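Colleague:
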Amino acid sequence: MRTELASEPGDADRPNEDFASVGLPASGQGGSVVVLDGVTPPKGGTGCLHSVPWFTARLGGALTELTVSLPDVPLLDALSRAIARTAEAHAETCDLSHPRTPQATVVLARWNPATVEYLVLSDSALLLESPDGAVTALLDDRLARLPRSALATDALVDAMLRNKEGGFFTAAADPAVARRAVTGTLPRREVRALAALTDGATRWVEKFQEGDWADCFRLLRKEGPQALVDRVRTLERADSAATFLGRGKRHDDATVVYAEL
1 MRTELASEPG
11 DADRPNEDFA
21 SVGLPASGQG
31 GSVVVLDGVT
41 PPKGGTGCLH
51 SVPWFTARLG
61 GALTELTVSL
71 PDVPLLDALS
81 RAIARTAEAH
91 AETCDLSHPR
101 TPQATVVLAR
111 WNPATVEYLV
121 LSDSALLLES
131 PDGAVTALLD
141 DRLARLPRSA
151 LATDALVDAM
161 LRNKEGGFFT
171 AAADPAVARR
181 AVTGTLPRRE
191 VRALAALTDG
201 ATRWVEKFQE
211 GDWADCFRLL
221 RKEGPQALVD
231 RVRTLERADS
241 AATFLGRGKR
251 HDDATVVYAE
261 L
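Numbering (the numbering used here), first residue to last: 1 to 261.
#1: Does the beta-carbon distance from THR67 to LEU75 come in below 8 angstroms?
#2: Can you check whether the CB of ALA196 is closer than 8 angstroms to the CB of LEU126?
#3: Is DSSP giving LEU139 helix, strand or coil here?
#4: Leaving aside the five residues before and after PHE244 along the sequence, list all residues of the same chain whose C-beta is less than 7 angstroms from its C-beta, in chain order.
#5: Out of HIS90, SER240 and GLN226, which has the shortest C-alpha to C-alpha gap to THR255?
#6: Nearest chain B C-beta to PRO147 closer than 8 angstroms, yes or no?
#7: For ASP141, which option in GLN103, ARG148 and VAL182 has the closest C-alpha, if you only look at C-alpha atoms?
#8: Can LEU121 and THR101 be called in contact, C-beta distance under 8 angstroms?
#9: Nearest CA to the CA of ASP123: which residue from MET1, ALA84, VAL22 and ASP37?
#10: Using three-state DSSP, classify ALA173 as helix, strand or coil.
#11: Going along the chain, which residues of its own chain have a beta-carbon closer than 8 angstroms to the beta-carbon of GLY47, five neighbours each way excluded?
#12: Opposite THR185 in the DSSP bridges: which residues?
#13: Looking at the structure shown, is ARG110 part of a helix, part of a strand, or coil, going by DSSP?
#14: Can you tell me which of ALA26, SER51 and GLY30 puts its alpha carbon nearest to the alpha carbon of ARG14?
#15: Determine the DSSP secondary structure at ASP199, reduced to helix, strand or coil.
#16: According to the neighbour-count rule (16 or more other Cβ atoms, all chains shown, within 10 Å of its Cβ), is ASP266 buried or exposed?
#17: Starting from LEU96, follow its DSSP beta bridges and name the residues at the other end.
#18: Check whether the Cβ atoms of GLY246 and GLY10 sit closer than 8 angstroms, and answer yes or no.
#19: Is the region 214 to 223 touching the region 160 to 176, taking contact as three or more C-beta pairs under 8 angstroms?
#20: Could you give the residue range of the beta strand (DSSP E) that holds VAL34?
#21: Whole angstroms are fine: how far does the CA of ALA134 sit from the CA of GLY31?
#22: Closer than 7 angstroms by C-beta to ALA89: which residues in its own chain qualify, once you throw out the five before and the five after it? Chain order, please.
#23: Between THR234, GLY224 and SER21, which lies nearest to GLU210 when the distance is taken from Cα to Cα?
#24: Taking all protein chains shown into account, decide if GLY60 is buried (16 or more other Cβ within 10 angstroms of its Cβ) or exposed.
#25: Measuring straight from C-alpha to C-alpha, what distance separates VAL230 and THR170?
Structure (structure tokens):
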């Protein structure tokens, strides 16, 4: 089995807020992928003493353990347990009810000889390739479907949309949010390979429109995750007029995990 991972901060002077892991059980009968994109808070308080990297490391570490050690526990339950465990680690020192308490998008995939399970929460992406080469993008598109006017300010988003009905959801401190994720299970024979990408890497498709998801997957298969990240960085530097990125960050943390099953 081939697995490759690349993760790069958007700014060399700031810590990478993404998390990625590949878990391969000692049985050799399957594996799991965990990818988190920590949500960078705006300037001001978050109600928490801890950084976003602290949060993604805690949540990602718990998910890596749970997806491997408890193979019979559904992914949404694993996410719920991991959120609860992480919240417990700082509930006594931090205001976890704050809308900007540390939080992250989530992509999980787990496979065994019979099935491939998946979970996607918020705007990271999971790509699945079938044996005939067809590529399916599994997305939680609730944030993308919101009108730009609703996203005009951070205060408006936090008050009306963030982790609220009719808005979008991220993994923060409420274990119940796991039920909001896009989930499913497929026969193992229908999946030849998969890739998990944070939105800093999906820019190649979603912002710069250099190709579709199938083109993106072919690039990953041929050249690997670092090649995709490098191409995104080249496009970001060339977009000096913010033609494609608009109000978005010039450079964002970018993480890709590629796995052939």
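Positions of the beta carbon are idealized from the N, C-alpha and C atoms, including for glycine.
If you're wondering where the values come from, they're calculated on a predicted model, not measured in any experiment.
Modeller: Checking against the coordinates, here is how it stands:
#1: Numbered from its first residue, the sequence shown carries residue 67 at position 67. Numbered from its first residue, the sequence shown carries residue 75 at position 75. Yes, the pair counts as a contact, with Cβ atoms nearer than the cut-off.
#2: In the sequence shown, the residue the question calls residue 126 occupies position 126. In the sequence shown, the residue the question calls residue 196 occupies position 196. Yes.
#3: Position 139 of the sequence shown, counting from 1, holds the residue named residue 139. DSSP, read as helix, strand or coil, puts LEU139 in strand.
#4: Here residue 244 corresponds to residue number 244 of the sequence shown, with the count starting at 1. If we look at PHE244 and ignore the five residues flanking it on each side, its Cβ neighbours are LYS207 and PHE208.
#5: As a first step, residue 255 is located in the sequence shown; it is residue number 255 there, counting from the start. Put simply, of HIS90, SER240 and GLN226 the residue whose alpha carbon is nearest the alpha carbon of THR255 is GLN226.
#6: Of the protein chains in this structure there is only one, and it is not chain B.
#7: Counting from 1 along the sequence shown, the entry for residue 141 is found at position 141. If we check each option's Cα against that of ASP141, VAL182 comes out closest.
#8: By one-based count along the sequence shown, residue 121 stands at place 121. By one-based count along the sequence shown, residue 101 stands at place 101. In this structure, the beta-carbon distance from LEU121 to THR101 does not fall below 8 angstroms.
#9: Taking the first residue of the sequence shown as position 1, residue 123 is located at position 123. Distances from the CA of ASP123 to each of MET1, ALA84, VAL22 and ASP37 were compared; the closest alpha carbon is that of ASP37.
#10: On the sequence shown, position 173 is the one that residue 173 refers to. Reduced to three states, the DSSP call for ALA173 is coil.
#11: As a working mapping, residue 47 is identified with position 47 in the sequence shown. Within the same chain, CYS94, ASP95, LEU96, SER97, HIS98, ARG100 and THR101 come within 8 angstroms of GLY47 by CB-CB distance, once the 5 residues on both sides are set aside.
#12: As a position in the sequence shown, residue 185 is number 185, starting the count at 1. The partner list for THR185 (beta bridge, DSSP) reads GLU117.
#13: Locating residue 110 in the sequence shown gives position 110, counting from the first residue. Reduced to three states, the DSSP call for ARG110 is strand.
#14: By one-based count along the sequence shown, residue 14 stands at place 14. Nearest option by C-alpha distance: SER51.
#15: In the sequence shown, residue 199 corresponds to position 199, counting from 1. ASP199 falls in the helix class under three-state DSSP.
#16: Within the shown structure, residues of the chain are numbered from 1 to 261, placing residue 266 beyond reach of any answer.
#17: As a working note, residue 96 is residue 96 in the sequence shown. According to DSSP, which records beta bridges pairwise, LEU96 is partnered with nothing at all.
#18: Your numbering for residue 246 matches position 246 in the sequence shown. Your numbering for residue 10 matches position 10 in the sequence shown. Cβ distance not < 8 angstroms, so GLY246 and GLY10 don't count as in contact.
#19: Of all C-beta pairs linking the region 214 to 223 to the region 160 to 176, fewer than three are shorter than 8 angstroms, placing the two stretches out of contact.
#20: Numbered from 1 along the sequence shown, position 34 holds the residue referred to as residue 34. From DSSP, the beta strand (DSSP E) with VAL34 extends over 31 to 38.
#21: Position 31 of the sequence shown, counting from 1, holds the residue named residue 31. Position 134 of the sequence shown, counting from 1, holds the residue named residue 134. Using only the alpha carbons, I get a separation of about 22 angstroms.
#22: Position 89 of the sequence shown holds residue 89. Hits under 7 angstroms: ARG58.
#23: Working through the sequence shown from its first residue, we reach residue 210 at position 210. Of THR234, GLY224 and SER21, the smallest CA-CA separation from GLU210 is found for THR234.
#24: Residue 60 sits at position 60 when you count from the first residue of the sequence shown. Looking at its Cβ environment, which holds 16 or more other Cβ atoms inside 10 Å, GLY60 is buried.
#25: In the sequence shown, the residue the question calls residue 230 occupies position 230. In the sequence shown, the residue the question calls residue 170 occupies position 170. Here residue 230 is Asp; the residue named in the question, Val, does not match the sequence. Each residue's Cα considered, the two are about 27 angstroms apart.
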